[in-house]
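In case it helps, numbering that gives the first Met the number 0 puts the sequence shown at residues 0 to 180.
Note that beta-carbon positions come from the ideal geometry of N, C-alpha and C, so glycine has one too.
Here the structure is laid out as structure tokens; the discussion comes afterwards.
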Amino acid sequence: MECIYEGCGREQYGQGLCPGHLTQKKRGKELKPLRKYNRWSGEKKECPGCGEEKDGDEYLTDKSRASGLTQYCRECQRWRNIQWSYSLSRDEWEYIFQAQGSCCAICGTDKPGTSLGFVTDHDHACCPGKKSCGDCIRGITCQQCNFNVDRSQKPRYVAYREVHATRTQPLKEAARMGLTA
Numbered sequence: 000m001e002c003i004y005e006g007c008g009r010e011q012y013g014q015g016l017c018p019g020h021l022t023q024k025k026r027g028k029e030l031k032p033l034r035k036y037n038r039w040s041g042e043k044k045e046c047p048g049c050g051e052e053k054d055g056d057e058y059l060t061d062k063s064r065a066s067g068l069t070q071y072c073r074e075c076q077r078w079r080n081i082q083w084s085y086s087l088s089r090d091e092w093e094y095i096f097q098a099q100g101s102c103c104a105i106c107g108t109d110k111p112g113t114s115l116g117f118v119t120d121h122d123h124a125c126c127p128g129k130k131s132c133g134d135c136i137r138g139i140t141c142q143q144c145n146f147n148v149d150r151s152q153k154p155r156y157v158a159y160r161e162v163h164a165t166r167t168q169p170l171k172e173a174a175r176m177g178l179t180a
């Protein structure tokens with residue numbers, strides 16, 4: 000049976016109403032038409048981050064969403080995660096990456112070692128949790144150097160850490176200054 004709100008057309012959930020209208024009623028609000036979030040057509044989905052329509056395979060899966068896909072495309076989701084985790088904008092991150100030669104800050108490879116891209120390395124002694132203040136960012140590294148420094152790379156890793164330890168200005172601050180100059 001359909002929702003008793005005129006013109007809704009959604010399936011009843013409780014008290015003759017669909018979930019959206021039932022929520023409005025429980026909150027003591029006047030029943031109004033529900034907004035349509037029709038970004039997913041089955042073939043293409045509009046990303047609210049970049050505004051582009053992209054194929055479903057350009058999104059991560061999210062079983063909690065009606066479409067089964069994340070709200071943002073992979074690219075926008077990546078930058079949202081970097082912003083949340085490291086307090087870095089996309090421009091700041093790209094500035095740091097370009098300033099270090101568009102390669103891993105430790106081994107110099109231009110291959111990230113993962114389909115997700117290069118990794119933002121920060122000092123866990125400063126920010127041990129999942130979120131960084133952004134001031135303790137040491138550089139952008141490949142997956143291998145960030146998680147498992149092998150013996151052949153050890154001298155480079157030590158040198159990389161020493162440079163970070165003697166840095167007087169956080170990379171995030173330097174990136175902001177570089178972007179405004």
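Query	Result
The alpha helix (DSSP H) with K43 in it runs from where to where?	That residue, K43, is in no alpha helix (DSSP H); its beta strand (DSSP E) goes 43–45.
Going straight from the alpha carbon of P47 to that of P154, what length do you get?	44 Å
By Cβ distance below 6 Å, which residues in the same chain neighbour L170 in space, the five residues on each side in sequence not counted?	I95, I136
When you compare only the Cα positions, how much space is there between L30 and L21?	9 Å
Determine the contact status of M0 and G15, defining contact as a CB-CB distance below 9 Å.	yes
State the start and end residues of the unbroken alpha helix (DSSP H) segment that holds E91.	89–98
Let me know if D120 comes out buried or exposed under the rule of 16 or more other beta-carbons within 10 Å of its beta-carbon.	buried
What does DSSP give as the partner residue(s) for G27 in the beta ladder?	Looking at the DSSP assignment, G27 forms no beta bridge with any residue, so it has no partner.
Please report the straight-line C-alpha distance between K28 and E5, rounded to a whole angstrom.	16 Å
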